[in-house]
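Okay, structure first, notes after.
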Ligand SMILES: Nc1ncnc2c1ncn2[C@@H]1O[C@H](COP(=O)(O)OP(=O)(O)OP(=O)(O)O)[C@@H](O)[C@H]1O
Ligand SMILES: [Mg+2]
């Protein structure tokens with residue numbers, strides 16, 4: 529019993545200790561961001577490797593998720609003769625929830641893990657301390673561009689995910705199952721509110737972008753500089769970023785749509 | 629200007645509960661080449677990191693050019709580092725860019741020189757280390773010795789006033805070793821640099837060093853010019869310079885008695 533309490537206490541302390549270090553780290557990153565905008569090429573290169581190279585997985589997943597939504601929705605709604613609402617169902621599920629959340633989860637696995645591994649390996653091979661000795665701040669040169677690149681990429685990817693998903697739903701519902709194309713689109717336009725739905729979805733994806741990228745760069749920078757340390761940090765990135773995404777999603781949803 | 633460029637006073641530094649340095653005093657005169665020698669694991673790399681400000685001593689001071697490194701703000705520390713070149717034991721090249729870009733890196737980060745000038749400066753340094761032909765190779769395509777020579781070119785490209793070499797000769801064949809030894813001496817004299825060389829290659833280092841410090845067990849065991857060291861009476865220095873296996877120099881990391889441990893009489 530005492531052991532249990534002890535290890536519980538230890539875990540709690542180490543959790544807050546890491547959180548503290550991560551916050552100080554975030555402060556250091558933020559301090560370098562103004563000067564970063566003088567060198568946009570660094571950010572653009574990161575948007576390419578973090579965002580553009582994640583496009584294929586986002587496109588494919590978005591398409592399939594949209595089709596599944598259409599199919600599941602159709603099977604339920606057809607009993608009530610309400611299949612013309614399918615456009616709205618697909619669009620709202622994607623824009624409010626699945627777009628930001630699934631994109632963030634995929635992003636954590638595809639780009640977050642890569643960020644952690646890259647920064648961790650640079651640390652393990654002394655590239656970061658080499659930079660320090662050349663009077664180049666690695667947080668500014670290596671971490672901050674990746675952080676900003678991730679924050680810009682995730683909301684864009686989430687938007688693309690939702691758009692492709694809506695198109696996937698259209699393909700299945702209209703082209704395969706024969707629902708009227710006009711009602712698919714017009715119901716969607718009528719029932720989707722710009723501020724209430726789309727804006728909230730965008731805010732979610734921005735929050736996820738900040739948190740997931742922050743976790744990824746922190747784990748990389750903070751890892752134990754050995755092969756094992758890097759591999760553990762990579763795993764932690766995926767696990768923590770996914771949990772953070774789901775937890776925050778609940779919180780944000782409660783705040784935005786909860787009427788609590 | 630006849631002064632001490634780096635002044636290390638009573639420095640103590642520990643890793644865990646082991647004192648790596650326990651009261652070390654070193655003076656490095658401006659414009660000279662100073663060799664730091666000592667058994668593997670005594671903290672030579674650690675010493676360079678203390679001078680570069682990547683580690684802070686737990687007691688004592690490290691002064692570079694009159695400035696106490698540990699008390700500088702980050703901004704000032706970076707200003708001092710711009711004047712330091714460091715050759716890492718592992719090379720520490722950036723693996724996502726090629727040899728040319730690696731050498732150009734400090735120039736691109738700190739200056740707005742025109743491309744043509746950068747091109748010239750980089751090729752000049754690569755020529756000096758004999759790797760101009762390798763400029764488009766990636767670091768992963770280099771051998772260990774080549775990578776260290778590229779790192780040397782990079783350390784020189786920003787024209788530092790002081791340069792620290794961590795084992796520059798390891799992994800070099802006799803010919804490139806000879807070239808490097810000569811290069812280090814001639815750069816030092818031509819540019820008026822202050823150089824610190826950490827090396828195990830006693831003969832080569834003794835050829836070019838003005839002063840040798842030997843450290844072991846957290847202390848400076850002996851120091852002097854190469855000639856003084858060769859004629860030293862100390863059994864310790866004799867053994868180290870001649871590389872004999874018997875003598876006072878410890879080869880083992882501190883450990884309990886071997887026989888007792890084999891017999892299981894040591895509490896782990
Ligand atoms: N990150 C670290 N954490 C804990 N101990 C360390 C760390 N780095 C080095 N040490 C310890 O510090 C001591 C000195 O290490 P250092 O790398 O300075 O040795 P060295 O003199 O450069 O050796 P070599 O000639 O083999 O390069 C070693 O005994 C090592 O065990
Ligand atoms: Mg070393």
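Chains as they are written, first to last, in our numbering: chain X, 529 to 788; chain V, 629 to 896.
Heads up, the beta-carbon is just placed ideally off N, CA and C, and yes, glycines get one too.
Checklist entry - What is the C-beta distance between residue 640 of chain X and residue 550 of chain X, in whole angstroms, given that I count them as a contact (C-beta under 8 Å)? => result Actually they are not in contact, since the Cβ atoms of residue 640 of chain X and residue 550 of chain X sit about 14 Å apart, beyond 8 Å.
Item to check | Host alpha helix (DSSP H) of residue 887 of chain V (start-end) | outcome: 886-890
Next on the checklist: Using only CA atoms, which one of X/576, X/657, X/625 lies nearest to residue 717 of chain V?
Outcome noted: It is X/657.
Item to check | Residues that DSSP places opposite residue 647 of chain V in a beta bridge | outcome: Answer is V/642, bridged to residue 647 of chain V.
Checklist entry - Per DSSP, residue 663 of chain V is paired with what? => result V/825, V/840
Checklist entry - Quick one: is residue 716 of chain V near chain X, going by C-beta distance under 7 Å? => result yes
Item to check | Cut-off 7 Å between Cβ atoms - residues of its own chain near residue 750 of chain V, not counting five sequence neighbours on either side | outcome: 728, 731, 732, 785
Checklist entry - DSSP state of residue 704 of chain X, grouped into three classes? => result helix
Item to check | 7 Å Cβ cutoff met for residue 678 of chain V and residue 685 of chain V | outcome: yes
Item to check | With 16 other Cβ atoms within 10 Å as the buried cut-off, status of residue 631 of chain V | outcome: exposed
Next on the checklist: Residues in the same chain with beta-carbon distance under 7 Å from residue 636 of chain V, minus the five sequence neighbours each way, listed in chain order, please.
Outcome noted: 652, 653, 654, 690
Next on the checklist: Can you pull the chain X neighbours of residue 738 of chain V, defined as C-beta to C-beta under 9 Å?
Outcome noted: 662, 663, 664
Checklist entry - Under 7 Å between C-beta atoms, does residue 720 of chain V make it to chain X? => result yes
Checklist entry - In this structure, does DSSP put residue 666 of chain X in helix, strand or coil? => result helix
Checklist entry - Closest to residue 723 of chain X by CA distance: which of X/531, X/540, X/591, X/624 is it? => result X/624
Next on the checklist: Give me the subset of the segment 650-684 of chain V whose CB atoms are less than 7 Å from a CB atom of chain X, sorted by chain position.
Outcome noted: 680, 682
Item to check | For residue 683 of chain V, three-class secondary structure by DSSP | outcome: For residue 683 of chain V, the three-state secondary structure derived from DSSP is coil.
Next on the checklist: I need the straight-line Cα distance from residue 773 of chain V to residue 832 of chain V, nearest angstrom please.
Outcome noted: 16 Å
Checklist entry - Name the DSSP beta bridge partners of residue 648 of chain X, please? => result BP columns for residue 648 of chain X are empty, so no partner.
Item to check | beta-carbon residue 643 of chain V near ligand 1 non-hydrogen atom, thresh 6 Å | outcome: yes
Next on the checklist: 7 Å is my cut-off, CB to CB: does residue 658 of chain X come that close to chain V?
Outcome noted: yes
Item to check | Selection from X/575, X/783, X/548 that minimises the alpha carbon distance to residue 673 of chain X | outcome: Residue X/575 is the option with its Cα nearest to residue 673 of chain X.
Next on the checklist: Would you call the segment 718-727 of chain V in contact with the segment 649-667 of chain X, where contact means no fewer than 3 C-beta pairs closer than 8 Å?
Outcome noted: yes
Next on the checklist: So within the segment 687-718 of chain V, which uninterrupted beta strand (DSSP E) runs reach at least 3 residues, ignoring any that extend past its ends?
Outcome noted: 687-692, 712-715
Checklist entry - Could you give the distance in angstroms between the alpha-carbon of residue 649 of chain X and the alpha-carbon of residue 683 of chain V? => result If you draw a straight line from the Cα of residue 649 of chain X to the Cα of residue 683 of chain V, it is about 21 Å long.
Checklist entry - Within the chosen definition, does the segment 581-600 of chain X reach the segment 693-707 of chain X through at least 3 CB pairs nearer than 8 Å? => result yes
Item to check | Beta carbon proximity, residue 734 of chain V to chain X, threshold 7 Å | outcome: yes
Item to check | Range covered by the beta strand (DSSP E) that runs through residue 792 of chain V | outcome: 790-794
Next on the checklist: Strictly below 8 Å CB to CB, what residues from chain V border residue 655 of chain X?
Outcome noted: 720, 721, 722, 723
Next on the checklist: In chain order, what are the residue ranges of uninterrupted alpha helix (DSSP H) at least 4 long that sit wholly in the segment 751-787 of chain X?
Outcome noted: As far as the segment 751-787 of chain X is concerned, its whole alpha helix (DSSP H) runs of at least 4 residues are 755-785.
Checklist entry - Counting pairs of Cβ atoms below 8 Å between the segment 778-787 of chain X and the segment 576-592 of chain X, do you hit three or more? => result no
Checklist entry - Mind listing which residues of the segment 686-711 of chain V have their C-beta closer than 7 Å to chain X's C-betas, in chain order? => result 706, 709, 710
Item to check | 7 Å Cβ cutoff met for residue 618 of chain X and residue 598 of chain X | outcome: yes
Checklist entry - Does DSSP put residue 669 of chain V in a helix, a strand or coil? => result Reduced to three states, the DSSP call for residue 669 of chain V is coil.
Checklist entry - Which residues in the same chain as residue 605 of chain X place their Cβ atom closer than 8 Å to its Cβ, once the five residues preceding and following it in sequence are excluded? => result So the qualifying residues of the chain are 611, 613, 614, 617.
Next on the checklist: Taking 6 Å as the cut-off, is the beta-carbon of residue 682 of chain V closer than that to any non-hydrogen atom of ligand 2?
Outcome noted: no
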